[in-house]
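Peer 1: Residue numbers (my numbering): 8 to 176.
Ideal placement from N, C-alpha and C gives every residue a C-beta, glycine not left out.
Only a predicted model underlies this, so the values are computations on that prediction, with no experimental measurement involved.
Before I ask anything, let me first share the structure, which is written out below as structure tokens.
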Amino acid sequence: ESLGLTVKTILLDPGHGGRDPGAKANGVTESKLVMKLSSMVETRLKKKGFNVSYTRDKDTFIALEKRTETANRRKVDLFVSIHVNANTDTSVSGLEVYYLDQARTKSAERVAARENGVSVQAISDLQVIISDLGFTTKMKESRELSSDVLNSMVRHVKSGGFTARSNGV
8 ESLGLTVKTI LLDPGHGGRD PGAKANGVTE SKLVMKLSSM VETRLKKKGF
58 NVSYTRDKDT FIALEKRTET ANRRKVDLFV SIHVNANTDT SVSGLEVYYL
108 DQARTKSAER VAARENGVSV QAISDLQVII SDLGFTTKMK ESRELSSDVL
158 NSMVRHVKSG GFTARSNGV
């Protein structure tokens with residue numbers, strides 16, 4: 008609302024799943040944890056009157072292209088992909104938020120390919136699909152919402168007495 012958006016339907020995308028478990032640390036698997044987080048997010052969103060659905064509701068693999076197809080087929084207002092990353096390097100820390108946009112550098116393409124378990128060519132192909140589907144009209148709003156979400160997360164973590172560093176949008 009603060010951004011002037013009229014959002015009614017939100018598609019939650021619990022990242023990874025099935026043969027792609029995502030990050031693993033301390034006995035926790037990302038694909039299972041984000042399912043639980045998605046359920047918590049759904050509860051809060053529904054209390055606020057939003058319609059909520061999922062790209063997946065069990066631990067199954069869904070290709071990146073199918074996730075975006077689902078968003079378009081259901082004509083959702085927002086697509087929120089939830090991930091929890093881990094790193095064995097203890098000097099790496101912080102919070103970051105991503106939104107769907109075209110990769111602007113080769114490095115961004117490589118990160119997108121690694122995170123989504125696909126080739127760099129598949130990411131390049133996806134960028135054509137993104138353009139074709141008209142996502143560009145929502146880029147500014149997505150970027151602004153991502154920034155608001157990140158700032159809110161950092162404030163919330165800090166208010167709990169924890170150290171939090173923003174790694175940006």
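1) If you check the beta carbons only, do A30 and N92 fall under 8 Å apart?
2) Measuring only the C-alpha atoms, how far is V104 from K65?
3) Please list, in chain order, all residues of the same chain as H38 whose beta carbon is under 8 Å from its beta carbon, the five residues on each side excluded.
4) Report yes if the C-beta distance between K15 and D84 is below 8 Å; otherwise report no.
5) Measuring only the C-alpha atoms, how far is K113 from K54?
6) Buried or exposed: where does V87 fall if 16 or more other Cβ atoms within 10 Å of its Cβ makes it buried?
7) Determine which residues share a DSSP beta bridge with D27 and list them.
8) In terms of residues, what are the limits of the alpha helix (DSSP H) holding V164?
9) Nearest to S45 by alpha carbon, out of H90, G175, E151?
10) If you check the beta carbons only, do L71 and N174 fall under 8 Å apart?
11) Run the CB neighbour count on R162, radius 10 Å, all protein chains shown included, and call it buried at 16 or more, exposed below.
12) According to DSSP, is T13 helix, strand or coil?
13) Can you say whether R63 is buried or exposed, counting buried as having 16 or more other CB atoms within 10 angstroms of its CB?
14) For the beta strand (DSSP E) that V48 lies in, which residues bound it at each end?
Peer 2: This is what the structure holds:
1) Their beta carbons are under 8 Å apart, which means A30 touches N92 by this criterion.
2) Those two C-alpha atoms are separated by around 24 Å.
3) It should be noted that the sequence gives Ser, not His, for residue 38. Excluding residues within five positions, the ones whose Cβ falls inside 8 Å are P21, G22, H23, G24, G25, D27, P28, G29, D66.
4) In this structure, K15 lies near D84, with their beta-carbon atoms less than 8 Å apart.
5) Rounded to whole angstroms, K113 to K54 spans 41 Å at the Cα level.
6) It counts as buried.
7) Within the DSSP secondary-structure output, D27 pairs in a beta bridge with G24.
8) 146-166 is the span of the alpha helix (DSSP H), which, as asked, contains V164.
9) Out of H90, G175, E151, H90 has the C-alpha closest to the C-alpha of S45.
10) It is not a contact, given that the beta carbons lie outside the stated cut-off.
11) Flag for R162 reads exposed.
12) Assignment of T13 by DSSP, reduced to helix, strand and coil, places it in the coil class.
13) With 16 or more Cβ atoms within 10 Å of its Cβ, R63 is classed as buried.
14) Premise fails: V48 lies in the alpha helix (DSSP H), 37-54, not in any beta strand (DSSP E).
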